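Just so you know, the sequences run in chain order A and B.
Per my numbering, residue 13 is the first one in the first sequence, and the count goes up by one each step.
Per my numbering, residue 13 is the first one in the second sequence, and the count goes up by one each step.
Worksheet: one structure, shown below.
Number of protein chains: 2
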Amino acid sequence: MYDSINDANRAIVEAISSGQPVLVDVVQARDAIPVLAGEQKVLLHAGPPIRFEEMTPPMQGSCVGALLFERWAATEEQARAMLAAGEIRFEPCHHHDAVGPMGGITSPSMAVVVVENRQGGNRAYCTMNEGIGKVLRFGAYDAEVVARLEWMRDVLGPALAQALRQTADGYALIPLISRAITMGDEFHQRNIAASALFAKDMAPLLARTDVDRGDVAQVLQFLSDTDQFFLNLAMAACKSVMDQARTVQEGSIVTAMTRNGKDFGIRVSGLGDQWFTAPVNTPQGLYFTGYSQEQACPDMGDSAITETFGLGGMSMIAAPGVTRFVGAGGFTDAVAISDEMAEIVVDFNGTLPIPTWDFQGAPLGIDVRKVVKTSITPIINTGIASLEPGVGQIGAGTVRAPLACFVQALEALAARYGVAADD
Amino acid sequence: MYDSINDANRAIVEAISSGQPVLVDVVQARDAIPVLAGEQKVLLHAGPPIRFEEMTPPMQGSCVGALLFERWAATEEQARAMLAAGEIRFEPCHHHDAVGPMGGITSPSMAVVVVENRQGGNRAYCTMNEGIGKVLRFGAYDAEVVARLEWMRDVLGPALAQALRQTADGYALIPLISRAITMGDEFHQRNIAASALFAKDMAPLLARTDVDRGDVAQVLQFLSDTDQFFLNLAMAACKSVMDQARTVQEGSIVTAMTRNGKDFGIRVSGLGDQWFTAPVNTPQGLYFTGYSQEQACPDMGDSAITETFGLGGMSMIAAPGVTRFVGAGGFTDAVAISDEMAEIVVDFNGTLPIPTWDFQGAPLGIDVRKVVKTSITPIINTGIASLEPGVGQIGAGTVRAPLACFVQALEALAARYGVAADD
Chain A
13 MYDSINDANR AIVEAISSGQ PVLVDVVQAR DAIPVLAGEQ KVLLHAGPPI RFEEMTPPMQ
73 GSCVGALLFE RWAATEEQAR AMLAAGEIRF EPCHHHDAVG PMGGITSPSM AVVVVENRQG
133 GNRAYCTMNE GIGKVLRFGA YDAEVVARLE WMRDVLGPAL AQALRQTADG YALIPLISRA
193 ITMGDEFHQR NIAASALFAK DMAPLLARTD VDRGDVAQVL QFLSDTDQFF LNLAMAACKS
253 VMDQARTVQE GSIVTAMTRN GKDFGIRVSG LGDQWFTAPV NTPQGLYFTG YSQEQACPDM
313 GDSAITETFG LGGMSMIAAP GVTRFVGAGG FTDAVAISDE MAEIVVDFNG TLPIPTWDFQ
373 GAPLGIDVRK VVKTSITPII NTGIASLEPG VGQIGAGTVR APLACFVQAL EALAARYGVA
433 ADD
Chain B
13 MYDSINDANR AIVEAISSGQ PVLVDVVQAR DAIPVLAGEQ KVLLHAGPPI RFEEMTPPMQ
73 GSCVGALLFE RWAATEEQAR AMLAAGEIRF EPCHHHDAVG PMGGITSPSM AVVVVENRQG
133 GNRAYCTMNE GIGKVLRFGA YDAEVVARLE WMRDVLGPAL AQALRQTADG YALIPLISRA
193 ITMGDEFHQR NIAASALFAK DMAPLLARTD VDRGDVAQVL QFLSDTDQFF LNLAMAACKS
253 VMDQARTVQE GSIVTAMTRN GKDFGIRVSG LGDQWFTAPV NTPQGLYFTG YSQEQACPDM
313 GDSAITETFG LGGMSMIAAP GVTRFVGAGG FTDAVAISDE MAEIVVDFNG TLPIPTWDFQ
373 GAPLGIDVRK VVKTSITPII NTGIASLEPG VGQIGAGTVR APLACFVQAL EALAARYGVA
433 ADD
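Shown next, in the form of structure tokens:
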């Protein structure tokens with residue numbers, strides 16, 4: 013359909029930069045994701061396909077928590093026995109219009125945000141951020157974790173859904189992302205501005221629902237306390253935009269990057285649904301007091317969809333406040349990282365100017381050819397989970413995508429289209 | 013008491029950087045400011061002392077609005093007659109522990125925030141931000157303006173006061189300013205991050221008051237819509253800190269900068285309550301559609317207390333997002349401005365690291381000697397009012413403090429202490 017791979021790439025980056033993700037609802041996952049609505053017990057997980065036995069301990073811990081939350085099991089022992097016996101079917105979030113942070117474990121009754129990309133009409137889903145400390149996404153599964161998931165399903169989700177129904181046409185996410193990028197968010201490890209803007213925008217809407225006033229206060233407190241709340245909205249927004257962009261089924265642009273704790277997988281616009289994978293790296297970064305690199309779980313989570321879209325580590329310079337948090341140095345280091353990332357993209361996103369980059373737009377469209385030619389792989393800002401399930405987050409850092417999956421993808425492009433890194 | 017002027021200056025900047033302003037209450041001005049509690053009709057105004065006849069048209073318009081709001085007059089004509097007849101006594105805000113934005117007109121029934129500096133126990137007061145459009149501080153005084161002031165007195169103020177009573181010990185402002193400086197606020201023309209953080213922090217507290225639920229929704233909506241809400245809190249915070257610092261009655265540090273539309277005035281630590289004044293400049297900047305430089309009112313407002321503290325234009329580099337808004341260029345221009353301001357201060361504020369300045373602290377302690385020696389005067393980020401009363405804000409820009417007041421102050425320091433610019 014396109015005269016050249018560059019023309020196809022141009023169409024893809026235009027689709028990305030003109031995406032219009034809008035938060036329209038919060039529902040239970042089964043009401044939005046058909047595979048979770050059947051009789052069979054199904055869990056979604058982060059990353060390319062993986063079997064339970066191959067998962068990291070925290071990802072397995074998340075599965076235990078999901079079984080307890082769904083009341084498929086009454087005890088941890090029972091849950092682990094069911095999982096070991098293969099009674100649970102696993103599917104990647106990415107195969108079902110969804111993305112999940114860290115373990116990405118998503119079960120039918122969990123509350124998910126519904127983001128519609130008005131440009132294509134497609135939708136994407138993501139669970140909501142549980143806050144910090146002991147949380148399911150980092151592998152914790154005790155009674156506190158399950159109780160919070162129940163509250164999110166029964167109170168937080170329905171309250172936000174009622175609030176959103178008061179908006180004329182949903183809550184547009186690109187204008188918010190654009191405002192917050194001016195406020196130092198990169199939308200992977202730093203979402204404090206977007207979360208605050210979202211909380212203050214929702215507050216009057218929540219006050220005008222018929223939700224019990226005590227519950228409204230609790231919801232407002234949760235939104236106020238949860239500085240990373242917007243991460244999951246950003247993930248769903250990026251997923252909805254990248255999924256629409258990849259309907260252009262040509263070109264060499266990366267349309268998904270994700271990790272399951274074992275493999276790092278990418279999808280490429282001209283190569284359909286195929287995953288190109290390589291072993292994940294383990295993040296390097298700064299650790300909370302009492303923890304160290306030896307306890308770090310290998311890289312996991314669908315949250316690298318933010319980097320795929322051009323945010324997160326790609327836009328490090330937008331968030332000098334996060335550079336230190338992830339152990340990546342000071343302001344000049346942040347500039348150097350985004351300047352390096354600029355070498356592997358085909359354009360800059362004019363809808364997301366970065367003031368600290370002299371108003372240059374966020375990096376736009378990672379080109380497999382450029383990655384292979386330069387050997388520069390995307391840098392990802394990430395939370396670091398403890399290898400031990402139940403502990404949760406122990407730090408934050410950066411991790412590189414492994415070059416091997418880009419090399420494989422380029423080989424596949426060469427085989428199919430005769431494309432080379434130098435084209 | 014101090015061995016040298018540098019020792020005195022050191023004591024002052026230590027007092028500034030260790031200030032602990034805490035928002036403790038919202039009350040009617042008469043309940044906090046004795047001069048407004050008497051029988052006599054008194055209005056506070058911005059800047060050094062000025063008579064009604066000398067005020068700019070918008071500042072006079074603010075006076076009309078205040079008389080209508082206080083029901084001292086029933087019509088504009090009656091208000092203007094009373095003002096012309098000298099029936100109203102005028103006092104500078106700065107003489108009564110207060111600061112006021114733009115015209116700074118503060119009348120007894122207006123709601124004011126109460127900020128206590130825990131370091132010294134002293135308090136400072138400021139009216140609350142009315143939002144944009146037709147507002148009293150820019151000289152508007154129609155029924156809509158008066159009705160909003162009534163709502164702020166009767167609903168917004170009491171609701172926030174109730175919310176604050178739920179905090180253990182008030183709402184600490186330096187931690188908030190420190191967080192928001194990482195989010196691109198400079199706290200004069202850009203307060204969007206601090207305002208959002210404040211709104212989301214107040215939201216659950218407001219929900220837990222016994223204020224009518226519809227009123228809570230209105231308050232949350234107002235806080236959500238008012239991106240400059242935090243400016244007035246920042247002003248009161250800076251005033252409380254600078255007033256405590258100036259109890260060190262020696263040295264050459266500027267402890268207040270303010271403008272009344274006619275004169276720009278400064279106070280200096282070693283020179284007590286004396287104002288050193290020179291004619292104000294008119295801001296240069298960008299204008300809203302339909303307005304231009306010819307319609308710009310000369311510089312006014314106590315808001316330059318933020319620059320005195322080291323924020324606003326002094327910290328331009330913290331807010332590259334505002335640099336364009338005030339017509340001051342791009343990121344490199346913002347760097348250049350703060351680098352220039354660094355030449356006239358004695359230190360940097362370690363409690364307010366600026367990520368975009370490679371984590372150097374905000375400029376701390378404007379030294380009259382350095383200003384005169386370099387001829388670099390502080391740059392102030394400011395809103396621009398229409399010369400015509402009732403119109404309101406027509407743009408935003410920057411304005412330089414006039415050198416003459418610093419020269420006068422240095423002459424006074426020379427006369428009293430034998431200090432020269434080269435000391």
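Using N, Cα and C, we set each Cβ at its ideal position, and we do this for glycine too.
Fair warning: this is a prediction, and the values are worked out from it, not measured in the lab.
CB contact below 8 Å: A/L185 versus chain B: no
Anything in chain C within Cβ reach of A/M254, meaning under 8 Å, just list it in chain order. Included in the structure are the protein chains A and B, with no chain C among them.
Just list the residues that DSSP pairs A/T118 with in beta bridges. A/L56
Assumed close pair B/V253, B/I28 - CB separation to whole angstroms, cut-off 8 Å: 6 Å
Return the chain-ordered list of same chain residues with a C-beta closer than 7 Å to the C-beta of A/R130, the five sequence neighbours on each side being excluded. Q32 and V34
Since B/L298 sits in a beta bridge, which residues does DSSP pair it with? B/A408
Buried or exposed: A/S16, going by 16 or more other Cβ atoms within 10 Å of its Cβ? exposed
Cβ of A/V167 within 8 Å of any chain B Cβ: no
Is A/G377 closer than 8 Å to A/N18 when the C-beta atoms are compared? Result no, Cβ atoms of A/N18 and A/G377 do not sit closer than 8 Å.
Going by C-alpha distance, which of B/Q90, B/A408 and B/L422 is nearest B/T301? B/A408
Return the residue from the list B/M214, B/D154 and B/E66 that minimises the CA-CA distance to B/Q174. With distances taken between Cα atoms, B/Q174 lies closest to B/M214.
Spatial neighbours of B/E229 within its chain, please: C-beta separation below 6 Å, excluding the five flanking residues on both sides. First, the residue type needs correcting, since residue 229 of chain B is Ala and not Glu in the sequence shown. If we look at B/A229 and ignore the five residues flanking it on each side, it has no Cβ neighbours.
Using 8 Å as the threshold, is the C-beta distance between A/N141 and A/F241 below it? yes
Could you pull the start and end residues of the alpha helix (DSSP H) that B/I329 belongs to? Segment: none, B/I329 is in no alpha helix (DSSP H) and carries neither H nor E.
What are the residues that DSSP puts in a beta bridge with B/Q372? B/I366
Short CB-CB distance (under 8 Å) between A/T344 and chain B: For A/T344, the answer is yes, since a Cβ of chain B falls inside 8 Å of its Cβ.
With respect to the beta strand (DSSP E) encompassing B/I317, which residues constitute its N-terminal and C-terminal limits? From DSSP, B/I317 is part of no beta strand (DSSP E) but of the alpha helix (DSSP H) over I317 to F321.
Measuring CA to CA, which of A/N393, A/A432 and A/T363 is closest to A/V384? Out of A/N393, A/A432 and A/T363, the CA that lies nearest to the CA of A/V384 is found in A/A432.
What residues in its chain sit with their C-beta under 8 Å from that of B/V419, if we drop five residues either side in the sequence? Here B/V419 has V384 as same chain residues with Cβ atoms under 8 Å from its own Cβ, once five neighbours each way along the sequence are excluded.
With 9 Å as the C-beta to C-beta threshold (strictly closer), list the residues of the stretch 33-53 of chain B near chain A in chain order. Within the stretch 33-53 of chain B, no residue qualifies.
In the DSSP assignment, find the alpha helix (DSSP H) that holds B/V380 and state where it starts and stops. V380 to T386
Answer yes or no: does any C-beta atom of chain A fall closer than 8 Å to that of B/T109? First, the residue type needs correcting, since residue 109 of chain B is Asp and not Thr in the sequence shown. False, the Cβ-Cβ gap to chain A never drops below 8 Å.
So with CB distances below 8 Å, who are the chain B contacts of A/S236? K212, D213, A215 and P216
Taking the alpha helix (DSSP H) that A/F343 falls in, what are its first and last residues? F343 to A354
With a threshold of 8 Å between beta carbons, is B/F371 in contact with chain A? yes
Per-residue contacts from B/R225 into chain A (C-beta, under 7 Å): A219 and R225
Is it buried or exposed for B/D434, if we count other Cβ within 10 angstroms and need 16 for buried? exposed
Assigned secondary structure, A/M269 (DSSP; H/G/I helix, E/B strand, else coil): strand
Mind listing, in chain order, the continuous beta strand (DSSP E) runs of no fewer than 3 residues lying wholly within the stretch 220-282 of chain B? 266-272 and 275-280
Is the Cβ-Cβ distance between B/G169 and B/A123 less than 8 Å? yes
CA nearest to the CA of A/M195, picked from B/A348, B/E66, B/I186 and B/A208: B/A208
What residue from A/A171, A/A249, A/I117 and A/G133 has the CA that sits closest to A/Y153's CA? A/I117
Below-8 Å beta-carbon distance, B/T368 vs any chain A residue: yes
Is it the case that the Cβ atoms of B/I317 and B/M247 are separated by a distance below 8 Å? yes
Beta-carbon gap between A/S281 and A/R381 smaller than 8 Å: no
Just grab the DSSP bridge partners of A/Y429 for me. For A/Y429, which the question treats as bridged, DSSP gives no partner whatsoever.
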